[in-house]
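Single-structure report; data block below.
Residue numbers (our numbering): 368 to 610.
Below, the structure written as structure tokens:
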């Protein structure tokens, strides 16, 4: 930990929006005299089409807060992002830097106000918990050791690698949806009690080959009933290979 009596070096930056571009951006950074222990806080507020919107192209009622502390090789912090029509994300963050950068996220997503809630009848009390454990090396390769998103009885998991230099991806996934109301709204006219899929992806990041196995359980719709369906599928998107 950092002794309080050590000399500190501080950086402060504040940007306020002008008329027609409301909002604010604030940065605070403090380093001890060894330049190894850091305290930081970054916040941004855009009430709607303000400075964030003009700088990035998005930011409708967006609020962003990131703060933390620790040695440069092991930082811990908290992230909070909320915005109109997107909901709220809150997460604990751990960033470790030795030879590679390793990031861990653990938090929740509350989609209150997101337009797809009514579309899929997800309900205003829906909450999704997520965990991410990933690293990136000097070759711009992301190793996603663990990605999990869980909401009630629904769960999605992924483990794999992404090469940012070649925009290639490879990994395994598992998806399990056990919400009949959500499934009926997604499938438009069909009702299932359960839908699960597991498999692998490999190839271009935005158009990989997908090899998967599916399992679905009834009841179906007014014309026919479904007891259980099992199947395998291979999906290939058109696109150029890396070669």
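We put the CB at the ideal spot given by N, CA and C, even for glycine. Bear in mind the structure is a predicted one, so any value in this text is a computation, not a measurement.
C-alpha distance - residue i paired with residue j, whole-angstrom precision
i: residue 384; j: residue 596; result: 57 angstroms
i: residue 571; j: residue 600; result: 18 angstroms
i: residue 503; j: residue 528; result: 10 angstroms
i: residue 474; j: residue 396; result: 24 angstroms
i: residue 525; j: residue 543; result: 12 angstroms
i: residue 598; j: residue 580; result: 6 angstroms
i: residue 460; j: residue 545; result: 30 angstroms
i: residue 540; j: residue 605; result: 21 angstroms
Burial state of residue i (16 or more Cβ within 10 Å)
i: residue 568; result: buried
i: residue 556; result: exposed
i: residue 452; result: exposed
i: residue 513; result: exposed
i: residue 412; result: buried
i: residue 476; result: buried
Alpha helix (DSSP H) segment containing residue i, residue limits
i: residue 396; result: Premise fails: residue 396 lies in the beta strand (DSSP E), 391-399, not in any alpha helix (DSSP H).
i: residue 548; result: 547-554
Member of the options whose CA lies at the smallest distance from the CA of residue i
i: residue 523; options: 375, 444, 440 and 566; result: 566
i: residue 594; options: 514, 559, 457 and 414; result: 559
i: residue 578; options: 602, 393, 530 and 494; result: 602
i: residue 379; options: 400, 390 and 410; result: 410
i: residue 432; options: 441, 445 and 440; result: 445
i: residue 495; options: 472, 521, 501 and 480; result: 521
i: residue 441; options: 454, 467 and 554; result: 467
i: residue 531; options: 561, 573 and 552; result: 573
i: residue 407; options: 390, 443 and 506; result: 443
i: residue 538; options: 462, 469 and 509; result: 509
i: residue 501; options: 391, 575 and 463; result: 463
i: residue 478; options: 518, 400, 506 and 469; result: 518
Range of the contiguous beta strand (DSSP E) that encloses residue i
i: residue 541; result: 535-544
i: residue 565; result: 558-571
i: residue 479; result: From DSSP, residue 479 is part of no beta strand (DSSP E); its letter is neither H nor E.
i: residue 643; result: The first residue shown for the chain is 368 and the last is 610, placing residue 643 beyond what the model contains.
i: residue 376; result: 375-383
i: residue 601; result: 596-602
i: residue 508; result: 508-518
i: residue 412; result: 404-413
i: residue 443; result: 441-450
i: residue 532; result: Per DSSP, residue 532 belongs to no beta strand (DSSP E) and is neither H nor E.
CB contact flag (residue i, residue j, <9 angstroms)
i: residue 429; j: residue 449; result: yes
i: residue 471; j: residue 516; result: no
i: residue 434; j: residue 405; result: no
i: residue 550; j: residue 562; result: yes
i: residue 377; j: residue 402; result: no
i: residue 454; j: residue 480; result: yes
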